[in-house]
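Numbering-wise (our numbering), the sequence shown opens with residue 403 and increments by one. Just so you know, even glycine gets a beta-carbon here, dropped at the ideal spot from N, CA and C. Here's the structure we're looking at; comments come further down.
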Amino acid sequence: MKKIMDRERIKELKKERNAIILAHLYQRPEVQDIADFTGDSLGLSRKAIATNAEVIVFCGVRFMAETAYILNPGKIVLLPEKDAGCPLADMAEVEQLKKKKSQYPNAAVVSYVNSSAALKAESDICCTSANAVDVINSLSQKQILFLPDRNLGSYVAEKTDKEIILWPGYCYVHEKNINTNKLRDLKQRYQNARIMIHPECSPEVIGLADYVGSTSQMLKYAEKSEAKEFIVGTEDGLIHRLQKENPNKKFYSLSTICKDMKITDLKSVVTALEKMRYKISIPDNICIKAKRALDKMLELKI
Ligand code: 13P
Ligand code: SF4
């Protein structure tokens with residue numbers, strides 16, 4: 403009953419505020435279901451630019467809402483839960499990057515979107531898990547300083563001739579909570595299942611995959627594949643959309659949860675729209691430079 407009331411209230415408030423709701427595929431099922439668009443980091447960035455709405459309510463984590471803000475000068479971007487962060491994004495700081503840049507003056511700096519606005523501002527180009535290989539191959543430099551995720555970095559290194567200098571960052575949801583033992587156990591139980599893995603997982607886990615891709619790429623793979631069963635090597639939230647779009651297929655979870663992605667619920671969205679909180683705000687000098695790195699990625703149309 404409470405959920406129905408929240409859903410109705412969100413509909414009213416969306417009209418009143420001229421707002422659009424974007425949600426990442428790791429959000430709670432009920433939040434994904436009230437969103438105007440759900441997707442991976444790349445899809446959400448593109449959607450943020452395409453909208454005519456005056457307000458973007460971003461159900462995800464801070465770096466995602468910041469990306470929407472950077473790409474939309476003048477729009478209001480709300481992050482319903484101010485503490486929804488990304489521990490991986492916090493693993494690289496600007497001062498550390500500046501030091502590293504001076505050690506590798508000829509390297510191009512490629513930052514995964516899971517990073518702060520200030521870090522993006524110090525980068526040549528951004529990438530997401532969906533386009534990292536293509537972004538890196540588009541660059542003229544031979545040497546690439548890639549940050550902050552070491553696993554995405556080593557995955558890319560396998561797929562390109564460039565020299566990739568890795569940063570020691572990682573995502574606990576993918577690197578620590580998914581391991582080869584868990585994966586082998588599940589495969590033993592469901593022997594016909596295809597294994598889909600997110601590139602933030604360790605190289606050993608990636609080595610067991612039938613398919614490696616971003617969350618949206620996994621959705622496409624599952625839809626197109628003739629297989630009927632899949633082991634899902636990423637955050638648990640993706641199962642909701644996979645199951646909804648493929649009712650005749652089965653999806654087995656490795657039960658790994660991103661705490662920050664689960665903070666937002668329907669009540670947070672109602673309150674965000676009622677109180678117009680929490681507004682993202684980034685200083686102009688950082689915004690302008692970070693936008694350059696994001697625009698470069700988006701201009702590649704990959
Ligand atoms: P995607 O871009 O694949 O949705 O991944 C974002 C993320 O935070 C993965 O942990
Ligand atoms: Fe960050 Fe990992 Fe959560 Fe993605 S799953 S938002 S990388 S902590």
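Item                                                                                                                        : Value
Proximity below 8 angstroms, CB of Ala-450 to CB of Ala-437                                                                 : no
Sequence-distant residues of its chain with Cβ nearer than 6 angstroms to Ala-425 (five each side left out)                 : Val-433, Gln-434, Ala-437, Thr-440, Cys-461
Cβ shell of Asn-516 (< 6 angstroms), same chain only, five flanking positions each side left out                            : Phe-465, Cys-488, Leu-490, Ala-491
Cα-Cα separation, Pro-685 to Asp-612                                                                                        : 43 angstroms
Helix, strand or coil at Gly-445 according to DSSP, with G and I counted as helix                                           : helix
Pairwise C-alpha distance: Val-459 and Glu-414                                                                              : 14 angstroms
Close-in-space but distant-in-sequence residues of the same chain around Ala-559 (CB under 7 angstroms, 5 per side omitted) : Ile-566
Segment contact flag, the segment 627–637 with the segment 671–690, C-beta cutoff 8 angstroms, min 3 pairs                  : no
Identity of the residue in Ala-532, Ser-513, Lys-584, Thr-562 nearest Asn-539 by Cα                                         : Thr-562
Nearest residue (CA-CA) to Ala-509, options Lys-404, Leu-554, Ser-531, Leu-568                                              : Leu-568
Val-575 beta carbon near the ligand SF4 (any heavy atom closer than 7 angstroms)                                            : yes
Limits of the unbroken alpha helix (DSSP H) element including Glu-631                                                       : No alpha helix (DSSP H) contains Glu-631, which is instead part of the beta strand (DSSP E) from 631–635.
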